[in-house]
Each structure stands twice: as structure tokens, then as C-alpha cells.
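Participant: Line by line, the protein sequences are chains A and B. Quick note: the first sequence, position 18, residue 18 per our numbering, numbers continuous. Here our numbering = 1-based position in the second sequence + 95. We treat Cβ as the ideally placed atom computed from N, Cα and C, and that holds for glycine.
Protein chains: 2
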Amino acid sequence: MTQQTQTTEAEIKVFKALADPIRLEIIRYLNQLDHEVSCGEIGQVMHISKTSGSYHFKILQEAGLITTHKVAREKYVSLDRSTVDQYLTHFWQNL
Amino acid sequence: MTQQTQTTEAEIKVFKALADPIRLEIIRYLNQLDHEVSCGEIGQVMHISKTSGSYHFKILQEAGLITTHKVAREKYVSLDRSTVDQYLTHFWQNL
DNA sequence: AATATAGTTCAAATGTTTTTGAACTATGTA
DNA sequence: TACATAGTTCAAAAACATTTGAACTATATT
């Protein structure tokens, strides 16, 4: 922490997470679907390797933009709209 | 253009621009001030070199988050709230 | 004219993010 | 048991972003 608040760090994580075309596509995809999907299915749709997928899902999760839960071998992902709402939709209130 | 739309490219520029603590501070600063300020003044407040300032202002401008105009030697900067509104406040409509 | 101030540009150095493949864990299926 | 499938982790490579100082342009002040 150099001089930023906790709030800014979470905020930066959200913006970094959204500042990538693959991750923005994932968010788009989850938004239009509106039900849970596995990492593998998303990876196929995005045409990315499973390693790369794993990396991007981690970033999205650490930003709080998705939530996940494991069912047997598979990891299911869903959009957490409240984070988008907090940092984007209510950006001015947050500043 | 690999598979993204023009809209996505502009959107990515906005998120990249906001995904940096210095630039987010600049936006914050401009927002609370609500009048034009010179690059130099902002640079002093942020404790950054003029070269670094020049770099960050370029990124913010290319994202459409600030507008600038030169008066003699000085470059004045002001916040373009409509870009924030388009990409953040109305994020869901934009997707 | 000489000097100072505001900002830009450039290339090099440094730092951070993303991709890759190989090796791994855990679960499912024959 | 053997093999397949879903996902993770690791370290190296590649790509990209940021900072730095020096040299520059343009305007202002003495």
C-alpha cells in the first residue's frame, strides 16, 4: 500500500479484470446466458487453452466478478452482477 | 481486429485507462474539482514527473475520459463524464 | 537576446501481464 | 485396474505497460 485505500485496490482489480478482451467476452457470455456454465464450456466457446482459461477465471474471481463452485470434476462459473454494479454502475458514488 | 467489435476496442481502452492507480486518482481529482486544471498542476498533486504525466494524460485522452485544450504554454484538462457514463454507468446496456 | 517554464517525444530500462507446455490432482468410465 | 476428462500449478517465454532522463518545441519573462 503506497498511498491508496482498500477500496481503490479492489476497484483497480475490477478494472484490470475488465481490461482484457477475453475476460470481457466471458462476462458478456455469462450475462446473456444467465445460468451456470463450466470453465471447459466457456474455454471452448472462447477458443482458449484450458491453462489460459484457468488463469482468466482466477483473475475474474479475485476481482469478485464471478463466483464458482465445484461439482465433481467440473467447476461452474456464474456472474456476480453486484460487483459490476458497485464499481461500474455506481462509479460516481464510489469515488 | 481479430473478432472484436469497434465498441469492444473503445471499451477496452476505457477499462485499461481506469486500471491504473495514478489515472484513477487523476479522474477522482478532476471529479471533485469540477473545473479545468493544467497538466502541471495535476502532476504536482500526483507527485509524478512531467514525462510520466504526459504519458498518462495521453492514455486518458485516447480513452475519451478527458478532453484537453491548450492555452499558450499550458494544457488544460477536464473530465468527460459522458464516457464514464457510457461505459461504466450504462455497462449492462452496452454489453 | 537570453533564460525560464509547460509540455512532448524518443529510446532504453524496468516491471507486469499473458501464453505456453509439461507435470500434476481429482474424479469418472470401461 | 487402466484410461480418459476437468481443471490447477509451475516456470519459462513472449508480449505489453510504465518510468526514466535527455533532447526537443513553443511560449513567456527579463
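1. Going by the CB atoms, is the gap between A/F57 and A/V71 shorter than 8 angstroms?
2. Could you say which of A/L95, A/V45, A/E62 lies nearest to A/E25 if we only look at CA atoms?
3. In angstroms, rounded to a whole number, what distance separates the CA positions of B/E169 and A/A17?
4. Beta-carbon separation of B/L178 and B/L190 under 8 angstroms?
5. Give, in chain order, every unbroken run of the alpha helix (DSSP H) that is at least 4 residues long and sits entirely within the stretch 1–67 of chain A.
6. Quick one: using the 10 Å Cβ neighbour count with 16 as the cut-off for buried, is A/E11 buried or exposed?
7. With H, G and I counted as helix, E and B as strand and the rest as coil, what does DSSP make of B/L183?
8. Sort B/F110, B/S144, B/G138 by Cα distance to B/L183 and report the nearest one.
9. Could you name the residues of the same chain whose beta carbon sits closer than 8 angstroms to that of A/E36, not counting the 5 residues immediately before and after it, in chain order?
10. Hey, is A/K8's beta-carbon within less than 8 angstroms of any beta-carbon in chain B?
11. Give the range of the beta strand (DSSP E) segment to which A/L79 is assigned.
12. Return the chain-ordered list of same chain residues with a C-beta closer than 8 angstroms to the C-beta of B/H164, the five sequence neighbours on each side being excluded.
13. Using alpha carbons as the reference points, say which of A/P21, A/E9, A/A63 lies closest to B/E104.
14. Could you tell me how far apart the beta carbons of A/I42 and A/Y29 are, in whole angstroms, since I believe they sit closer than 8 angstroms?
15. Strictly below 7 angstroms CB to CB, what residues from chain A border B/L190?
16. When DSSP labels each residue in this structure, what does B/N189 get in the three-state scheme?
Facilitator: So, from the listed chains and residues:
1. no
2. A/V45
3. 35 angstroms
4. Contrary to the premise, residue 178 of chain B reads as Thr rather than Leu in this sequence. Not closer than 8 angstroms, so no.
5. 6–18, 21–33, 39–46, 50–62
6. buried
7. helix
8. B/F110
9. Y76, V77, S78
10. Here the sequence assigns Thr to residue 8 of chain A, which means Lys is not the residue at that position. True, the Cβ-Cβ gap to chain B drops below 8 angstroms.
11. 74–79
12. K170, Y171
13. A/P21
14. 6 angstroms
15. R28, N31
16. helix
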